[in-house]
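Peer 1:
Residue numbers (this note's numbering), protein chains in the order written: chain X, 90 to 294; chain C, 90 to 294.
(1) Going by beta-carbon coordinates alone, are residue 230 (chain C) and residue 138 (chain X) separated by less than 7 Å?
(2) If we count the other Cβ atoms within 10 Å of its Cβ and call it buried at 16 or more, is residue 148 (chain C) buried or exposed?
(3) Quick check: residue 259 (chain X) and residue 228 (chain X), are their CB atoms within less than 7 Å of each other?
(4) In this structure, what does DSSP give as the bridge partners for residue 187 (chain X)?
(5) For residue 112 (chain C), report the span of its beta strand (DSSP E) as first-last.
(6) Run down chain C in chain order and give the residues with a C-beta less than 9 Å from the C-beta of residue 148 (chain X).
(7) Counting Cβ pairs, one atom from each stretch, are 3 or more of them under 8 Å apart for the stretch 232 to 249 of chain C and the stretch 169 to 183 of chain X?
(8) Classify residue 145 (chain X): buried if its beta carbon has 16 or more other beta carbons within 10 angstroms, exposed otherwise.
(9) Go through its chain and collect everything with a Cβ distance to residue 122 (chain C)'s Cβ below 8 Å, but skip five positions before and after it.
(10) With 16 as the cutoff for other CB atoms within 10 Å, does residue 104 (chain X) come out buried or exposed?
(11) Leaving out five residues before and five after residue 248 (chain C) in sequence, what residues of the same chain have Cβ atoms less than 8 Å from its Cβ?
(12) Under the three-state reduction of DSSP, which class applies to residue 166 (chain C): helix, strand or coil?
(13) Going by beta carbon distance, what residues of the same chain come within less than 7 Å of residue 297 (chain C), once the five residues before and after it are set aside?
(14) Note the first and the last residue of the continuous beta strand (DSSP E) segment covering residue 96 (chain X).
(15) Quick check: the Cα distance between residue 206 (chain X) and residue 179 (chain C), rounded to an integer number of angstroms?
(16) Given a limit of 9 Å on CB to CB distance, which residues of the stretch 171 to 190 of chain C reach chain X?
(17) In whole angstroms, give me the CA-to-CA distance for residue 108 (chain X) and residue 100 (chain C).
(18) Give me the DSSP bridge partner(s) of residue 232 (chain C).
(19) Quick one: Cα of residue 97 (chain X) to Cα of residue 160 (chain X), how far?
(20) Using the rule of at least 16 other Cβ atoms within 10 Å of the residue's Cβ for burial, across every protein chain shown, is residue 220 (chain C) buried or exposed?
(21) Following the continuous beta strand (DSSP E) through residue 124 (chain X), name the residue where it begins and the one where it ends.
(22) Can you list, in chain order, the residues of its chain with a C-beta nearer than 8 Å to that of residue 194 (chain C)? Leave out the 5 residues immediately preceding and following it.
(23) Report all residues from its chain with a CB closer than 8 Å to the CB of residue 275 (chain X); omit the five preceding and five following residues, and keep chain order.
(24) From which residue to which residue does the beta strand (DSSP E) around residue 250 (chain C) run?
(25) Is residue 266 (chain X) helix, strand or coil by DSSP?
(26) Contact criterion: CB-CB distance below 7 Å. Does residue 164 (chain X) meet it with respect to chain C?
(27) Quick one: is residue 129 (chain C) buried, meaning 16 or more other Cβ sit within 10 Å of its Cβ, or exposed?
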């Protein structure tokens, strides 16, 4: 049975363990084995930093062992995805594993940029749209930064979005299940995944 | 000569190309060859999304070709690192390349969490500190999320920080140069890098 690493910031919820257990049950319903951060007890360490390093090691080990990932990119403490989850998505893309991602906010990356800047956007002589801070805005009709969407879509993954209720932002599993359905439908499901050098960017149409 | 991929959100600055040229010059001074996003002209595409996918492909190709990465994790549009850069850092960690990262904000991850929550932190019966939104706070005495710092430090990289002036947040190169000095000093410089399965979490003391 193929193993999926379940990445997302819901581990920070008060009911994080329950939420992860619900996701794990759904993963099993779709024929995969879940690997969840927090599943393994981390041995005590002398310092906070050593404990953090030990968690990093365990999580990377689970990713190395997994056949794929579903990354929860729902905006977290701001308009953007949790950086720990994004690191894990990049890690799994590099290893050529099966990748899928989702967000429980349906607004795409550009719409969230407009919101972040309160619609105070100007277009300069260079043709770039910029916020009041001078930083240019990406608009690639993608759910998130092009490296994230690109990394997933170029590996025949999916970036699913769903407008969850505000009180279910980290618990709604609609888009998560869409990722499971997609991964279960992939013809390459029984393969070990694709290597980066076999990829191309032509699968967008 | 070893090649370093130069990742960071300064590409969004109005003078992004100049800034990247300055970084590239500094990389060469330290004996490395720079690989910079934006160095290559991306062919025209039919849609915005296709263009984004093409950039993703080119950037991943440069990372596959590089021997290492220096990732600029300076907080970007909020208190956290640019997600595109974080994806790239995870990608390079997975490939066992040489990794270094820096931030031009010296406050560590926990201090930035306190600022994000306006110091409105409570400690629950479960022993976790939480913000008003119920989300628990990480405190591992690290510059950023444990997957980022852990991924770098466990590969004998460095996470350099420097309190840059506010008008030089994306242009100050002090911490960037600290990364170059560190990478140039590594005994493994002439190796192709380490594989994840050779890693351990014991290098924190």
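Cβ atoms here follow ideal geometry from the backbone N, Cα and C, with glycine treated the same way.
As the structure is a prediction and not an experimental result, all values here were calculated from the model.
Peer 2: The answer reads as follows:
(1) A distance below 7 Å separates the beta carbons of residue 230 (chain C) and residue 138 (chain X).
(2) Under the 10 Å beta carbon count, residue 148 (chain C) is surrounded by 16 or more other beta carbons and is classified as buried.
(3) 7 Å or more divides the Cβ of residue 259 (chain X) from the Cβ of residue 228 (chain X).
(4) Partner(s): X:157.
(5) Looking at the DSSP string, residue 112 (chain C) is not in any beta strand (DSSP E); the run it does join, the alpha helix (DSSP H), is 105 to 118.
(6) Ordered by position in chain C, the residues that pass the 9 Å Cβ test against residue 148 (chain X) are 235, 236 and 239.
(7) Output reads yes: the stretch 169 to 183 of chain X touches the stretch 232 to 249 of chain C.
(8) Buried: at least 16 other Cβ atoms inside 10 Å.
(9) Answer for residue 122 (chain C): 90, 91, 92, 93 and 116, listed in chain order.
(10) Exposed, by the Cβ-count rule.
(11) Within the same chain, residue 248 (chain C) has close Cβ partners 162, 189, 190, 191, 192, 231, 232, 233, 237, 238, 241 and 242.
(12) DSSP places residue 166 (chain C) outside both helix and strand once states are collapsed to three, so it counts as coil.
(13) The structure shown does not extend to residue 297 (chain C), since chain C is modelled only from 90 to 294, so the question has no answer here.
(14) For residue 96 (chain X), the uninterrupted beta strand (DSSP E) run begins and ends at 92 to 96, by DSSP.
(15) CA-CA distance, residue 206 (chain X) to residue 179 (chain C), rounds to 28 Å.
(16) Against chain X - using a Cβ distance shorter than 9 Å - the residues of the stretch 171 to 190 of chain C are 171, 172, 173, 174, 175, 176, 177, 178, 179, 180, 181, 182, 183 and 184.
(17) Whole-angstrom Cα-Cα distance: 38 Å.
(18) Partner residues in a beta bridge of residue 232 (chain C), as assigned by DSSP, do not exist.
(19) If you take the alpha carbons of residue 97 (chain X) and residue 160 (chain X), they lie about 6 Å apart.
(20) It is buried - the Cβ of residue 220 (chain C) has at least 16 other Cβ atoms within 10 Å.
(21) Segment 122 to 124, the beta strand (DSSP E) holding residue 124 (chain X).
(22) The answer, listed in chain order, is 163, 164, 201, 250, 252, 253 and 258.
(23) Correct list, in chain order: 187 and 245.
(24) Segment 248 to 250, the beta strand (DSSP E) holding residue 250 (chain C).
(25) Correct three-state label for residue 266 (chain X): helix.
(26) Taking Cβ atoms only, chain C never reaches closer than 7 Å to residue 164 (chain X), which makes this a no.
(27) Classification for residue 129 (chain C): exposed.
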